[in-house]
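Visitor: Numbering (the working numbering), first residue to last: -10 to 233. Every residue gets a Cβ at the ideal spot worked out from N, C-alpha and C, and that includes glycine.
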């Protein structure tokens, strides 16, 4: 497969983590860079080597937009097929249980889980994507495994994403590999106000603070042919936070 044939859809590309992933994947693949802010998406695209190879898809997963219809229109308009999907889009919410806003909970699930289901549904359709899909990576979180105060909606959504991953890995095999990456607490624009360097609720991480590039490296590996015999797995990348 040539670089021109290998098209990867990366959601959440304009975030710190998404941009780090884009930089790693752009070396070998064409990218569809997804986000909800057209300006930030374009800045991400032009920051990549040979930006003319890549395209953008502006779509707000938390709104009333028909995600499937929007994606199908893009695929048809660009006359492409998608061989890889990385779901890095995510909405973060912290609240005590008694103060939970159910509308916000629905927004969290819409962005973190429901959008991934709809994208996979469309990319798995032969009529739409011509059986081109080969690998999927979901960005989950260690919050899907450990209890963190105030993370009820976020943790539940990421646990749901892992469940989706395992079911897809069985259903879509052997044509498609599906895995999850579970980051620990890395400092980004989105998490800076919550914590600095260490995982939330615990400043002790055996390997110290992590960065977006640490997650991007794992994603790059799972999207490569070196991971050709790996599917249905959760990969924790947290500097040892979950062993403490």
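Could you give the first and the last residue of the continuous alpha helix (DSSP H) run that contains residue 98?
Guide: Segment 91 to 98, the alpha helix (DSSP H) holding residue 98.
Visitor: Does DSSP put residue -10 in a helix, a strand or coil?
Guide: Reliability fails at residue -10, whose pLDDT of 42 lies under 50, so the model's placement of it is uncertain and no value is given.
Visitor: Go to residue 80, then tell me how far its beta strand (DSSP E) extends in each direction, as first and last residue.
Guide: Neither: residue 80 is in no beta strand (DSSP E) and is coded neither H nor E.
Visitor: Got a sec, what are the start and stop residues for the beta strand (DSSP E) residue 0 sits in?
Guide: -4 to 0 is the span of the beta strand (DSSP E), which, as asked, contains residue 0.
Visitor: By DSSP's criteria, residue 22 is part of a beta bridge. Which residues make up the other side?
Guide: For residue 22, which the question treats as bridged, DSSP gives the partners -1, 45.
Visitor: Is it a yes or a no for the stretch 99 to 107 touching the stretch 144 to 155, going by three-plus beta-carbon pairs under 8 angstroms?
Guide: As far as the Cβ criterion goes, the stretch 99 to 107 touches the stretch 144 to 155, which means the pair count is three or higher.
Visitor: Hey, is the stretch 196 to 209 in contact with the stretch 152 to 166, meaning 3+ C-beta pairs nearer than 8 angstroms?
Guide: Touching, no, given that fewer than three Cβ pairs across the two stretches are closer than 8 angstroms.
Visitor: Specify the secondary structure class of residue 29 as computed by DSSP and reduced to three states.
Guide: Reduced to three states, the DSSP call for residue 29 is helix.
Visitor: With 16 as the cutoff for other CB atoms within 10 Å, does residue 232 come out buried or exposed?
Guide: Its Cβ having fewer than 16 others within 10 Å, residue 232 is exposed.
Visitor: Suppose only complete runs of 3+ residues qualify. What are the beta strand (DSSP E) ranges in the stretch 153 to 182, listed by chain order?
Guide: Listed in chain order, the complete beta strand (DSSP E) runs (minimum 3 residues) inside the stretch 153 to 182 are 166 to 172.
Visitor: Mark residue 193 as exposed unless 16 or more other C-beta atoms lie within 10 angstroms of its C-beta, in which case mark it buried.
Guide: With fewer than 16 other Cβ atoms within 10 Å, it is exposed.
Visitor: Can you name the residues that DSSP bridges to residue 126?
Guide: 75, 168, per the DSSP bridge assignment.
Visitor: Tell me which residue opens and which closes the alpha helix (DSSP H) that residue 61 is part of.
Guide: First-last of the alpha helix (DSSP H) with residue 61: 56 to 67.
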